[in-house]
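Asks: Here it is: the structure, laid out below.
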Amino acid sequence: MPWFKKDPPAEGPEPRKVRTEGLWIKCDGCRQIIWKKDLEANLQVCPKCGHHFKVEARTRLAHLFDGGAWTELDAELATSDPLEFIDQKPYQQRLEATKAATGLNDAIITAEGMLEGRPVIVCAMEYRFIGGSMGCVVGEKITRAIERAIETRRPVLIVSASGGARMMEGAVSLMQMAKISCALMRLDEAKIPYISILTDPTTGGVTASYAMLGDLNVAEPKALIGFAGPRVIEQTIRQKLPQGFQRSEFLLQHGMLDAVVPRTELKAWIARALEFFAG
Ligand SMILES: [Zn+2]
22 MPWFKKDPPA EGPEPRKVRT EGLWIKCDGC RQIIWKKDLE ANLQVCPKCG
72 HHFKVEARTR LAHLFDGGAW TELDAELATS DPLEFIDQKP YQQRLEATKA
122 ATGLNDAIIT AEGMLEGRPV IVCAMEYRFI GGSMGCVVGE KITRAIERAI
172 ETRRPVLIVS ASGGARMMEG AVSLMQMAKI SCALMRLDEA KIPYISILTD
222 PTTGGVTASY AMLGDLNVAE PKALIGFAGP RVIEQTIRQK LPQGFQRSEF
272 LLQHGMLDAV VPRTELKAWI ARALEFFAG
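Heads up: take any position in the sequence shown, counting from 1, add 21, and you land on the numbering used here.
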């Protein structure tokens, strides 16, 4: 038997095709075809099985802020490629391509606006920007957002979606973990609440710093949350890992999270939490 297959001979005219691409999407959870408008109306959660699709930073802000209105902070900040790093291609080139594709300068949008009538500052990570990796710009923007929150006494929400620290910025990216953690300590001393929202995926240095430092750490259902990947852990501890390891529900069961909240209920849940903090 040959390991390849020949294309079948062409027969007659091509069947008539109806152009539907762009209108429908296949759900990764239940494999059913969903109308994109239905998906959007349900905040990018499958109406059939509840699968949570990944959400872009802008969409996330539109979900959280009242009337989808916010004022962006520090939009102009961009990295300078401090190590002149080259992997498969120069970091500079990778940045240019990603900026063009996303319309963003880096992997986060920080913004202020209202959430159910309460002024808040929200930092939303953009996974499409080099895997939502945390480099000096993500670190600086979050730190500035926290400092602004201290000045204006507004609660802070950080929505994480990240593969961790940005390797192309080496130690500079790792330093952001300490920098943001210090800013969060000052926020805590000022008695201003911080809610960390962990979405799929939240891993590496982001999990090891601000994503787990919230007064409340809340995750979306079935999000991958961890530090190292499962293969690395299995090789290190020489044990098979349990089913569902590193998913939101498992972490909640083991005391690593305060709640797992579906996206459709998230805004109301946050509003209730903020009211509790304010009281
Ligand atoms: Zn589905």
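No residue lacks a Cβ here, since even glycine has one placed at the ideal position from N, Cα and C.
Computed from a prediction, not measured in an experiment: that's the story for all the values here.
Looking at C-beta atoms only, is the number of pairs between the segment 223-239 and the segment 253-260 that lie closer than 8 angstroms three or more?
Replies: No, the segment 223-239 is not in contact with the segment 253-260.
Asks: In the DSSP assignment, find the unbroken alpha helix (DSSP H) run with Glu93 in it and report its ends.
Replies: Unbroken run through Glu93 is the beta strand (DSSP E), 91-94; no alpha helix (DSSP H).
Asks: Between Ser202 and the rest of its own chain, which residues show a CB-CB distance below 8 angstroms, the 5 nearest in sequence each way excluded?
Replies: Closer than 8 angstroms at the Cβ level, and outside the excluded window around Ser202, lie Ser230, Tyr231, Leu234.
Asks: For Gly50, is the beta carbon positioned less than 7 angstroms from some heavy atom of ligand 1?
Replies: Because some heavy atom of ligand 1 lies under 7 angstroms away, the Cβ of Gly50 counts as near it: yes.
Asks: Name the one or two DSSP bridge partners that Tyr215 has.
Replies: Tyr215 is bridged to Val177.
Asks: Relative to the alpha-carbon of Ala299, which residue among Ser269, Thr80, Lys212, Lys261 has its alpha-carbon at the smallest distance?
Replies: Among Ser269, Thr80, Lys212, Lys261, the Cα nearest to that of Ala299 is on Lys212.
Asks: Which residue or residues does DSSP assign as beta-bridge partners of Ser183?
Replies: Ser183 is bridged to Thr223.
Asks: Tell me, to the nearest whole angstrom, how far the beta carbon of Gly184 is from that of Gly156; I am working on the premise that it is less than 8 angstroms.
Replies: At roughly 12 angstroms, the Cβ-Cβ gap does not stay under 8 angstroms, so Gly184 and Gly156 are not in contact.
Asks: Whole angstroms is fine: what's the gap from Val227's alpha carbon to Leu219's?
Replies: Val227 and Leu219: Cα-Cα distance of roughly 10 angstroms.
Asks: Compare the Cα-Cα distances from Leu44 to each of Ile55, Ala192, Glu133 and report the closest residue.
Replies: Taking only the C-alpha atoms, the option nearest Leu44 is Ile55.
Asks: Compute the distance between the beta-carbons of Ile167 and Ala145, then report whether it is under 8 angstroms.
Replies: No.
Asks: His73: beta carbon under 7 angstroms from a heavy atom of ligand 2?
Replies: In the structure on display, ligand 2 does not appear, and the ligands it does have are ligand 1.
Asks: Would the segment 65-77 count as touching the segment 101-115 if we require 3 or more Cβ pairs under 8 angstroms?
Replies: They do not touch, by the three-pair rule.
Asks: For Lys243, is the beta carbon positioned less than 7 angstroms from some heavy atom of ligand 1?
Replies: No, the Cβ of Lys243 stays beyond 7 angstroms of every heavy atom of ligand 1.
Asks: Which two residues bound the contiguous alpha helix (DSSP H) that contains Pro251?
Replies: Taken as a continuous stretch (DSSP letters only), the alpha helix (DSSP H) holding Pro251 covers 251-258.
Asks: When DSSP labels each residue in this structure, what does Lys288 get in the three-state scheme?
Replies: Correct three-state label for Lys288: helix.
Asks: Between Gly89 and Leu82, what straight-line distance do the alpha-carbon atoms span, to the nearest angstrom?
Replies: Roughly 7 angstroms separates the two Cα atoms.
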